[in-house]
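Residue numbers (UniProt numbering): 1 to 260. Cβ atoms here follow ideal geometry from the backbone N, Cα and C, with glycine treated the same way. Structure first, commentary second.
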(Lines of atoms letter the chains of each structure in order from A and count residues from 1; the text may use other names and numbers.)
(Lines give C-alpha, C1' and ligand atoms only; values in the text may rest on other atoms or scores of the structure.)
Protein backbone atom coordinates (compact mmCIF):
# COMPACT_ATOMS: atom_id res chain seq x y z
CA UNK A 1 0.00 0.00 0.00
CA UNK A 2 1.22 3.50 -0.89
CA UNK A 3 -0.61 6.39 0.77
CA UNK A 4 -0.75 9.94 -0.55
CA UNK A 5 -1.56 12.28 2.33
CA UNK A 6 -3.52 15.50 2.25
CA UNK A 7 -1.93 18.79 3.30
CA UNK A 8 -3.77 18.56 6.63
CA UNK A 9 -2.45 15.04 7.20
CA UNK A 10 1.11 16.13 6.40
CA UNK A 11 0.72 18.97 8.90
CA UNK A 12 -0.39 16.43 11.51
CA UNK A 13 2.56 14.22 10.57
CA UNK A 14 4.88 17.14 11.25
CA UNK A 15 3.47 17.42 14.75
CA UNK A 16 3.93 13.69 15.26
CA UNK A 17 7.45 13.93 13.86
CA UNK A 18 8.38 16.72 16.24
CA UNK A 19 7.38 14.46 19.14
CA UNK A 20 9.66 11.73 17.77
CA UNK A 21 12.54 14.19 17.40
CA UNK A 22 12.01 15.61 20.87
CA UNK A 23 11.90 12.18 22.52
CA UNK A 24 15.07 11.04 20.77
CA UNK A 25 16.95 14.16 21.83
CA UNK A 26 15.67 13.89 25.40
CA UNK A 27 16.81 10.27 25.56
CA UNK A 28 20.19 11.17 24.10
CA UNK A 29 20.72 13.70 26.87
CA UNK A 30 19.81 11.12 29.54
CA UNK A 31 22.05 8.35 28.20
CA UNK A 32 25.37 8.10 30.01
CA UNK A 33 27.77 5.39 31.12
CA UNK A 34 25.83 3.08 33.44
CA UNK A 35 22.41 3.72 31.86
CA UNK A 36 20.44 0.50 31.43
CA UNK A 37 18.78 -0.17 28.06
CA UNK A 38 15.60 -1.17 29.87
CA UNK A 39 15.52 2.27 31.52
CA UNK A 40 15.78 3.90 28.08
CA UNK A 41 12.82 1.80 26.97
CA UNK A 42 10.82 2.77 30.06
CA UNK A 43 11.61 6.47 29.58
CA UNK A 44 10.54 6.24 25.94
CA UNK A 45 7.23 4.64 26.92
CA UNK A 46 6.56 7.34 29.50
CA UNK A 47 7.30 10.14 26.99
CA UNK A 48 5.14 8.55 24.30
CA UNK A 49 2.16 8.35 26.67
CA UNK A 50 2.72 11.90 27.92
CA UNK A 51 2.55 13.10 24.29
CA UNK A 52 -0.79 11.35 23.75
CA UNK A 53 0.79 8.98 21.21
CA UNK A 54 1.06 5.24 20.77
CA UNK A 55 4.12 3.11 20.10
CA UNK A 56 4.41 1.48 16.68
CA UNK A 57 6.67 -1.21 18.16
CA UNK A 58 5.07 -2.77 21.23
CA UNK A 59 2.58 -4.94 19.33
CA UNK A 60 4.50 -4.99 16.05
CA UNK A 61 4.67 -8.39 14.35
CA UNK A 62 6.11 -8.04 10.82
CA UNK A 63 5.61 -10.66 8.16
CA UNK A 64 8.56 -13.02 7.85
CA UNK A 65 10.68 -11.43 10.56
CA UNK A 66 10.94 -11.29 14.33
CA UNK A 67 9.69 -13.75 16.90
CA UNK A 68 6.36 -12.63 18.29
CA UNK A 69 5.57 -8.99 19.10
CA UNK A 70 8.58 -6.69 19.58
CA UNK A 71 7.28 -5.88 23.06
CA UNK A 72 9.22 -2.64 23.66
CA UNK A 73 8.87 1.06 22.90
CA UNK A 74 12.18 1.79 21.20
CA UNK A 75 15.01 0.01 19.39
CA UNK A 76 18.35 0.23 21.21
CA UNK A 77 21.40 -0.90 19.24
CA UNK A 78 24.79 -0.94 20.98
CA UNK A 79 28.04 -1.11 18.98
CA UNK A 80 27.57 -4.07 16.61
CA UNK A 81 23.74 -4.05 16.88
CA UNK A 82 22.52 -1.92 13.99
CA UNK A 83 18.80 -2.62 13.46
CA UNK A 84 15.79 -3.70 15.54
CA UNK A 85 17.84 -3.72 18.73
CA UNK A 86 15.54 -5.16 21.38
CA UNK A 87 16.14 -3.52 24.78
CA UNK A 88 17.61 -5.87 27.36
CA UNK A 89 19.27 -5.75 30.76
CA UNK A 90 22.53 -4.14 29.61
CA UNK A 91 24.31 -1.08 30.95
CA UNK A 92 26.04 1.35 28.63
CA UNK A 93 29.79 1.88 28.91
CA UNK A 94 31.82 4.98 28.16
CA UNK A 95 32.53 5.03 24.42
CA UNK A 96 29.64 2.75 23.38
CA UNK A 97 28.06 3.62 20.02
CA UNK A 98 24.32 3.70 20.63
CA UNK A 99 21.58 3.80 17.98
CA UNK A 100 18.03 4.71 19.01
CA UNK A 101 15.16 4.10 16.57
CA UNK A 102 11.67 5.34 17.47
CA UNK A 103 8.32 5.20 15.65
CA UNK A 104 5.00 6.43 17.02
CA UNK A 105 1.52 7.16 15.74
CA UNK A 106 -0.44 10.17 16.94
CA UNK A 107 -3.82 11.38 15.72
CA UNK A 108 -3.77 8.77 13.00
CA UNK A 109 -0.37 9.58 11.45
CA UNK A 110 2.97 7.86 12.10
CA UNK A 111 6.54 9.16 12.12
CA UNK A 112 9.84 7.27 12.39
CA UNK A 113 13.42 8.42 13.06
CA UNK A 114 16.76 7.15 14.34
CA UNK A 115 19.94 8.67 15.72
CA UNK A 116 23.38 7.25 16.49
CA UNK A 117 25.84 8.75 18.97
CA UNK A 118 28.71 7.85 21.27
CA UNK A 119 27.94 7.60 24.98
CA UNK A 120 30.15 9.56 27.34
CA UNK A 121 33.24 11.48 26.36
CA UNK A 122 35.36 8.93 24.51
CA UNK A 123 34.53 9.32 20.81
CA UNK A 124 36.77 7.12 18.67
CA UNK A 125 37.53 7.84 15.03
CA UNK A 126 35.78 4.78 13.63
CA UNK A 127 32.51 5.58 15.40
CA UNK A 128 32.65 9.23 14.36
CA UNK A 129 33.22 8.22 10.73
CA UNK A 130 30.35 5.72 10.73
CA UNK A 131 27.90 8.22 12.17
CA UNK A 132 29.03 11.01 9.85
CA UNK A 133 28.68 8.79 6.78
CA UNK A 134 25.07 7.87 7.60
CA UNK A 135 24.22 11.52 8.29
CA UNK A 136 25.73 12.65 4.98
CA UNK A 137 23.97 9.85 3.13
CA UNK A 138 20.64 10.81 4.70
CA UNK A 139 21.15 14.43 3.69
CA UNK A 140 21.93 13.34 0.12
CA UNK A 141 18.81 11.20 -0.06
CA UNK A 142 16.67 14.04 1.23
CA UNK A 143 18.19 16.46 -1.29
CA UNK A 144 17.25 14.07 -4.12
CA UNK A 145 13.63 13.76 -2.94
CA UNK A 146 11.37 16.01 -4.99
CA UNK A 147 8.24 15.63 -7.12
CA UNK A 148 8.99 13.66 -10.28
CA UNK A 149 12.10 12.00 -8.88
CA UNK A 150 12.13 8.23 -8.59
CA UNK A 151 12.98 6.00 -5.66
CA UNK A 152 16.14 4.93 -7.47
CA UNK A 153 17.36 8.53 -7.45
CA UNK A 154 17.19 8.59 -3.65
CA UNK A 155 18.78 5.16 -3.34
CA UNK A 156 21.59 6.15 -5.69
CA UNK A 157 22.28 9.36 -3.76
CA UNK A 158 22.39 7.50 -0.43
CA UNK A 159 24.48 4.63 -1.75
CA UNK A 160 27.00 6.87 -3.46
CA UNK A 161 27.83 8.59 -0.17
CA UNK A 162 28.13 5.31 1.72
CA UNK A 163 30.32 3.55 -0.86
CA UNK A 164 32.55 6.58 -1.35
CA UNK A 165 33.07 6.53 2.42
CA UNK A 166 34.33 2.96 2.06
CA UNK A 167 31.33 1.01 3.35
CA UNK A 168 29.57 -1.96 1.78
CA UNK A 169 25.80 -1.53 1.49
CA UNK A 170 23.29 -4.18 2.56
CA UNK A 171 19.96 -3.70 0.74
CA UNK A 172 17.99 -6.27 2.72
CA UNK A 173 16.70 -3.50 5.01
CA UNK A 174 16.24 0.15 4.08
CA UNK A 175 13.80 3.02 4.03
CA UNK A 176 10.08 2.73 3.44
CA UNK A 177 6.83 4.51 2.89
CA UNK A 178 4.99 5.68 5.99
CA UNK A 179 1.58 7.22 6.68
CA UNK A 180 -1.26 5.93 8.81
CA UNK A 181 0.97 2.93 9.58
CA UNK A 182 4.71 2.67 10.15
CA UNK A 183 5.81 0.39 7.30
CA UNK A 184 4.35 0.82 3.82
CA UNK A 185 5.47 0.65 0.23
CA UNK A 186 7.60 1.77 -1.48
CA UNK A 187 10.79 0.15 -0.20
CA UNK A 188 13.77 2.55 -0.40
CA UNK A 189 17.04 0.59 -0.71
CA UNK A 190 20.23 2.27 0.47
CA UNK A 191 21.78 1.85 -2.97
CA UNK A 192 20.26 1.69 -6.42
CA UNK A 193 20.12 2.91 -9.99
CA UNK A 194 18.85 6.43 -10.76
CA UNK A 195 15.74 6.81 -12.85
CA UNK A 196 14.20 3.56 -11.60
CA UNK A 197 11.27 2.79 -9.35
CA UNK A 198 8.21 4.60 -8.07
CA UNK A 199 7.83 8.26 -9.07
CA UNK A 200 7.55 10.66 -6.12
CA UNK A 201 4.57 12.98 -5.83
CA UNK A 202 3.40 15.57 -3.27
CA UNK A 203 1.77 13.98 -0.24
CA UNK A 204 4.02 10.92 -0.23
CA UNK A 205 5.84 10.32 3.05
CA UNK A 206 9.03 8.31 3.28
CA UNK A 207 11.28 7.19 6.11
CA UNK A 208 14.84 7.26 4.79
CA UNK A 209 17.35 5.34 6.89
CA UNK A 210 20.97 4.83 5.85
CA UNK A 211 22.85 2.33 8.02
CA UNK A 212 26.32 0.86 7.71
CA UNK A 213 28.69 -1.60 9.32
CA UNK A 214 32.41 -0.86 9.53
CA UNK A 215 33.83 -3.86 7.68
CA UNK A 216 31.02 -6.08 6.39
CA UNK A 217 27.61 -6.09 4.71
CA UNK A 218 26.49 -9.30 6.41
CA UNK A 219 24.03 -9.45 9.29
CA UNK A 220 23.36 -12.02 11.99
CA UNK A 221 20.25 -12.25 14.15
CA UNK A 222 20.29 -12.52 17.94
CA UNK A 223 18.54 -15.33 19.78
CA UNK A 224 15.79 -12.80 20.61
CA UNK A 225 14.73 -13.09 16.96
CA UNK A 226 14.89 -9.32 16.46
CA UNK A 227 18.27 -7.71 17.03
CA UNK A 228 20.41 -7.56 13.88
CA UNK A 229 24.17 -7.35 14.34
CA UNK A 230 27.21 -7.11 12.11
CA UNK A 231 28.45 -10.60 11.26
CA UNK A 232 32.02 -9.67 12.24
CA UNK A 233 31.19 -7.87 15.49
CA UNK A 234 32.27 -4.52 14.03
CA UNK A 235 30.67 -1.22 14.97
CA UNK A 236 27.61 0.10 13.17
CA UNK A 237 25.55 3.28 12.79
CA UNK A 238 22.00 4.15 11.71
CA UNK A 239 20.38 7.52 10.99
CA UNK A 240 16.79 8.16 9.89
CA UNK A 241 14.26 10.90 9.20
CA UNK A 242 10.67 10.87 8.03
CA UNK A 243 10.12 13.28 5.15
CA UNK A 244 7.13 14.47 3.15
CA UNK A 245 7.30 15.25 -0.55
CA UNK A 246 5.93 18.74 -1.24
CA UNK A 247 5.71 20.84 -4.39
CA UNK A 248 8.95 22.55 -3.30
CA UNK A 249 10.86 19.35 -2.42
CA UNK A 250 11.35 17.32 0.72
CA UNK A 251 10.16 18.52 4.14
CA UNK A 252 11.86 16.89 7.12
CA UNK A 253 9.17 16.00 9.66
CA UNK A 254 11.18 14.47 12.52
CA UNK A 255 13.41 17.37 13.55
CA UNK A 256 13.16 18.20 17.27
CA UNK A 257 10.85 21.14 17.95
CA UNK A 258 13.79 22.96 19.58
CA UNK A 259 15.97 22.65 16.42
CA UNK A 260 16.94 25.96 14.91
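In the DSSP assignment, the alpha helix (DSSP H) including residue i goes from what residue to what residue?
i, result
"residue 99", "Taken as a continuous stretch (DSSP letters only), residue 99 belongs to no alpha helix (DSSP H), being part of the beta strand (DSSP E) at 97–106."
"residue 43", "37–50"
"residue 125", "125–144"
"residue 24", "7–30"
If you run the structure through DSSP and keep just helix, strand and coil, what is residue i?
i, result
"residue 177", "strand"
"residue 151", "helix"
"residue 161", "helix"
"residue 238", "strand"
"residue 156", "helix"
"residue 205", "strand"
"residue 185", "strand"
"residue 193", "coil"
"residue 90", "coil"
"residue 228", "strand"
"residue 169", "coil"
"residue 2", "coil"
"residue 244", "strand"
"residue 199", "strand"
Would you grab the beta carbon distance between residue i and residue j for me? Rounded to a whole angstrom, and I think it's under 8 Å.
i, j, result
"residue 239", "residue 111", "Their Cβ separation, rounded to whole angstroms, is 15 Å, which puts residue 239 and residue 111 out of contact at 8 Å."
"residue 251", "residue 195", "About 23 Å separates the two Cβ atoms, so there is no contact after all."
"residue 215", "residue 232", "6 Å"
With a threshold of 16 other CB atoms inside 10 Å of the CB of residue i, please say whether the residue is buried or exposed.
i, result
"residue 67", "exposed"
"residue 143", "exposed"
"residue 337", "Residue numbering for the chain in the displayed model covers 1 to 260; residue 337 lies beyond these limits and cannot be assessed."
"residue 189", "buried"
"residue 257", "exposed"
"residue 193", "exposed"
"residue 69", "exposed"
"residue 89", "exposed"
"residue 133", "buried"
"residue 225", "exposed"
"residue 207", "buried"
"residue 1", "exposed"
"residue 87", "buried"
"residue 91", "exposed"
The beta strand (DSSP E) with residue i in it runs from where to where?
i, result
"residue 213", "211–213"
"residue 234", "Segment: none, residue 234 is in no beta strand (DSSP E) and carries neither H nor E."
"residue 83", "81–83"
"residue 249", "249–252"
"residue 116", "109–118"
"residue 219", "219–221"
"residue 285", "What is shown of the chain runs 1 to 260, which leaves residue 285 out entirely."
"residue 76", "75–78"
Practice task
Tell me, please, whether the stretch 25–44 touches the stretch 105–122 by the rule of three or more beta-carbon pairs shorter than 8 Å.
Solution key: Touching, yes, given that three or more Cβ pairs across the two stretches are closer than 8 Å.
Problem - Touch test, the stretch 149–157 against the stretch 195–208, Cβ-Cβ under 8 Å, three pairs minimum - result: Result yes; three or more Cβ-Cβ pairs closer than 8 Å.
Practice task
Take every Cβ of the stretch 39–46, pair it with every Cβ of the stretch 7–14, and state whether three or more of those distances are shorter than 8 Å.
Solution key: Output reads no: the stretch 7–14 does not touch the stretch 39–46.
Problem - At least 3 beta-carbon pairs within less than 8 Å: the stretch 48–60 vs the stretch 87–104 - result: Enough Cβ pairs lie closer than 8 Å, so yes.
Practice task
Decide if the stretch 68–82 is in contact with the stretch 208–226; the criterion is three or more beta carbon pairs, one per stretch, under 8 Å apart.
Solution key: These segments touch.
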